Amino acid sequence: MSAGRMHADEFDIDVPLVRRLVAARFPQWSQLPVERVPSDGTSNAMFRLGDGLAVRLPLAERMVGDVEFEHRWLPRLAPLLPVDIPVVVGEGLPTEDFPWPWSVHRWLDGENPVAGRLTDPAGLAADLAAFIAAMRRIELADGPAAHRGGPLATQDTETRTAIGELDGIIDTQAATAAWEAALKTPEWSGPPVWLHADLMPGNVLVDRGRLSAVIDFATMGVGDPACDLIPAWNLLPVQVRDPFRAAVGADDATWARGRGRALSMALIQLPYYQHTNPGIAANARHVIGEVLADHERCPG
């Protein structure tokens, strides 16, 4: 769980607040126990409600739009995907205690995988590839633009700023070289495809080492397929990257953009979360190390 307040505008959310919200909106569930769920999540607070439900509340006002967005799209995506995704069973309303909408979801069993501690890396790589392929096959009309689904160059300023903030913490010269190599890669010229766009370990659930569910679809939409390749560096070990790449059918340029995307995300995350979210910070360090090693092996 986060070690402290992650965002300056973060709302104070605790078990008593959640109990009051549930009692007011869903009295049929008011007697169920409420327990905060340890999480590296950066946009929502999660609480388990009884055995079969989860309450999910945005941490700040700028994250409120994600609630309606997921209410709209999750039911349309669920039948098209090979693993469980969140199912909204209750839509919470703002109150005097909490000024924004919130959700009750069906509880999804599983645990977040940790890079370096996977029990079935090859199986998980195959499962993630199948999920990504299923996302790409979606043909729902009017898909929104995915967050991070555009050209890498749109992240250049923020990425370089983060590299500067990490001077003395990482090898900034190597990070700059790897980032600049990614920027030189040809951009995606094909039609946009559906993406989850945030396949971080915290948004993946596994059961006995295999993918059981994917959560947090707030960034989903259509865009560059490279965006969903980030598990190759934030989760999967080097020995299963080639099978993962083959399964998702990534050409050289798409693979290079995916590597650049993973690096950019990690570089931006590390200075922001290094003192408040140990899980995100540790994974960001892992990604930077993996990408720089990968870039040294294959600098093109």
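Numbering (UniProt numbering), first residue to last: 1 to 300.
From the three backbone atoms N, C-alpha and C, an ideal C-beta is built for every residue, glycine too.
This one's a predicted model, so the numbers in the text were calculated from it and none came from an experiment.
- Taking the Cβ atoms as the reference, GLY223 lies roughly 2 Å from GLY149, within the contact range of under 8 Å.
- When DSSP states are grouped into helix, strand and coil, ILE163 belongs to the helix group.
- With respect to ARG20, VAL34 sits apart: the two C-beta atoms are not nearer than 7 Å.
- In this structure, ALA181 and ILE268 do not form a Cβ contact; the two beta carbons are roughly 18 Å apart against a cut-off of 8 Å.
- The beta carbons of ALA232 and GLY258 sit about 7 Å from each other, so the pair counts as a contact at 8 Å.
- Checking the DSSP bridge columns, you'll see ARG36 partnered with PHE47.
- Around the C-beta of ILE169, fewer than 16 other C-beta atoms lie within 10 Å, and the residue is accordingly described as exposed.
- In this structure, the CA atom of ALA133 is about 10 Å from the CA atom of VAL193.
- ASN277 is not a Cβ neighbour of ASP66, given a cutoff of 7 Å.
- When only Cα atoms are considered, THR254 and VAL291 end up about 15 Å apart.
- Inter-residue distance for ILE138 and VAL214 is about 16 Å (C-alpha atoms, whole angstroms).
- Cβ-Cβ distances below 6 Å link HIS147 to ALA197 and THR219 in the same chain, with the five nearest sequence neighbours on each side left out; the list follows chain order.
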